[in-house]
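Worksheet for the structure shown next.
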Amino acid sequence: MNWQEAKQLKTPFYLLDTKKLIANGKVLKQIQDNTGCKILLAQKAFSAYDLYPVLEPFLAGTEASGLYEARLGAEKMPGKECHVFCGAYRDDEFADVLKYANHIVFNSPNQLKHFGPQAKAAGKEVGLRINPEYSTQTHAIYDPCAPGSRLGTTREQWDKLMTPELIAMLDGVHFHTLCEQGAEALAVTLKGVEDKFGDVLPKLKWLNCGGGHYITQKDYNIPLLEKLLIKWRDKFSLQMYLEPGEAVVLDAGYLVTTVLDLTQNGDYNLCIVDASGACHMPDVIEMPYRPPMVDAGKAGEKAYTYRLGGATCLAGDVIGDYSFDHQLKIGERLAFADMALYTMCKNNTFNGMKLPDIYVENLDGKIELIKKFGYEDFRYRLGK
Ligand SMILES: *Cc1c(COP(=O)(O)O)cnc(C)c1O
């Protein structure tokens, strides 16, 4: 990255990495070429649409969580497929959903019954999200197969509610049960899908395996993924889809911050930076996880360890423990890595915190401003 030029910019800011977006895109394109699978960008992870032209050549289209993302996908990646899955569609929005999306996935037989005929009449591909009830992960908040989950239709619900008329409306089914997982987890999940819904699959045109595939992570078993996609394509004559978010933009952005204060409490060296976990990297609190940082190690790995946090009032606004070769100084810059995903589109202005500006480093190494934020961006959502 062009850190020299980035030094001139006022923190906090995101710096997106065009080169890495392209590198990720190439990996995804190759898989599509090798298997006939189609890969979509899950916009909920990344919707900085100024970069869609960079990603577009490598993707079949976008995936949306509802009307607004569907519209963004249709408008900013025109001519490509636009898929939408929503936990529940609204009567007053559905006509607009149909305007933008060409694949509509419903969460329940109820929703399929209520909206499916309109979608079919509009010439759309119609799908149902299934819940294979096969958990492969331990993050309860991200486990749609957990007991009592509202996401997806279980086999029991299917048997009770899916009439022949409803089944006849389906072009495909969709499942999404993984989160930052390998092809091995997909393999056992597909087995779970086959055990529960194997009889349904031969009647369908497509199977969407959702997101959570950690494809661009260095240890990911791409040959196994390709084997699975080809096997399922051939066994059931299905068009296979994947809709990763993270994998598309993995490691393709930084959040650059400045050290505002350094204090000590007992054994802890504390450091407050001008970015907040709660506001600018919400998954750090929700997931939880610790983002990597340029030139820093885990606690105790290097000589000086600090607990980093935001300037908000939230006691839990702790970003994580990091160690450095030198003692930190007030005014020094720290760059969190892997910050393109689940940040810009998920940020909030809790405590009136400023939103970090967004920049991109282009292929020629030049840094370009995408968006600056200020007081108005905090104020305008709150009143007249
Ligand atoms: C979250 C989500 C994705 C993307 O997940 P990643 O973990 O970012 O790959 C795709 N599809 C659906 C339905 C999702 O809810």
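Heads up: the sequence shown begins at 868 in our numbering, then just goes up one per residue. From the three backbone atoms N, C-alpha and C, an ideal C-beta is built for every residue, glycine too. Please read these numbers as outputs of a predicted model, since none were measured by experiment.
* If you run the structure through DSSP and keep just helix, strand and coil, what is residue 1138? -> strand
* Asked: Cβ of residue 1046 versus every heavy atom of ligand 1: is any distance shorter than 7 Å?
  -> yes
* Can you tell me which of the three DSSP states residue 1204 falls into? => coil
* CB-CB under 7 Å to residue 1232, same chain, minus the five flanking residues each way: which ones, in chain order? -> 869
* Asked: Does at least one heavy atom of ligand 1 sit under 7 Å from the Cβ of residue 952?
  -> yes
* Asked: What residue ranges within the stretch 1037 to 1082 form continuous alpha helix (DSSP H) runs of no fewer than 4 residues, ordered along the chain?
  -> 1050 to 1064
* Name the two residues that bound the continuous alpha helix (DSSP H) containing residue 873. => 870 to 873
* Starting from the C-beta of residue 1196, find all residues in its chain whose C-beta is less than 6 Å away, skip the five residues before and the five after it, and write them out in chain order. => none
* To do: Give the DSSP bridge partners of residue 1006, in chain order.
  => DSSP, once it has assigned bridges, lists no residue as partnering residue 1006.
* So what does DSSP say about residue 1231, is it helix, strand or coil? -> coil
* Asked: Of all residues in the structure, which have a C-beta closer than 5 Å to any heavy atom of ligand 1, taken in chain order?
  -> 909, 912, 952, 1043, 1077, 1078, 1079, 1110, 1111, 1112, 1113
* Is residue 1144 helix, strand or coil when you go by DSSP? -> helix
* Look at residue 1074 and residue 1099 and say whether their C-beta atoms are less than 8 Å apart. => yes
* On a CA-only basis, which of 953, 1131, 936, 923 is nearest residue 947? Give me that one, please. => 923
* Asked: Per DSSP, residue 1022 is paired with what?
  -> Residue 1022 pairs with nothing; no bridge assigned.
* When burial is assigned at 16 or more other CB atoms within 10 Å of the CB, is residue 936 buried or exposed? -> buried
* Asked: Among 1248, 1249, 1235, which residue has its Cα nearest to the Cα of residue 917?
  -> 1235
* Asked: Quick one: Cα of residue 1046 to Cα of residue 1078, how far?
  -> 7 Å
* Which residue from 885, 1198, 1147 puts its Cα closest to that of residue 1115? -> 885
* Asked: I think residue 1221 touches residue 1240, with their Cβ atoms under 8 Å apart; what is that distance to the nearest whole Å?
  -> 6 Å
* Taking the runs of the beta strand (DSSP E) that are 3 residues or longer, which of them lie wholly in the stretch 928 to 1001? -> 928 to 931, 948 to 952, 970 to 973, 992 to 996
* Assess, as a yes-or-no matter, whether the stretch 988 to 996 is touched by the stretch 1044 to 1064 under the definition of 3 or more beta carbon pairs within less than 8 Å. => no
* Could you tell me the distance, in whole angstroms, from the CA atom of residue 1225 to the CA atom of residue 1026? => 49 Å
* To do: Would you mind working out which of 1064, 1066, 1049 sits nearest residue 1087, comparing C-alpha positions?
  => 1049
* Use the C-beta contact count for residue 1142: other C-beta atoms within 10 angstroms, 16 or more gives buried, fewer gives exposed. => buried
* Pull up the distance between the alpha-carbon of residue 920 and that of residue 900, whole angstroms please. => 20 Å
* With a Cβ-Cβ cutoff of 8 Å, do residue 962 and residue 950 count as a contact? -> no
* Give every residue of the same chain whose Cβ lies closer than 8 Å to the Cβ of residue 1131, excluding the five residues on either side of it in the sequence, and list them in chain order. => 1137
* If you run the structure through DSSP and keep just helix, strand and coil, what is residue 1170? -> coil
* Asked: Can you name the residues that DSSP bridges to residue 1132?
  -> 1135
* Hey, is the stretch 1012 to 1029 in contact with the stretch 974 to 982, meaning 3+ C-beta pairs nearer than 8 Å? -> yes
* From the DSSP output, in three-state form, read off residue 913 for me. => coil
* Report yes if the CB atom of residue 1167 is closer than 8 Å to the CB atom of residue 1175, and no otherwise. => no
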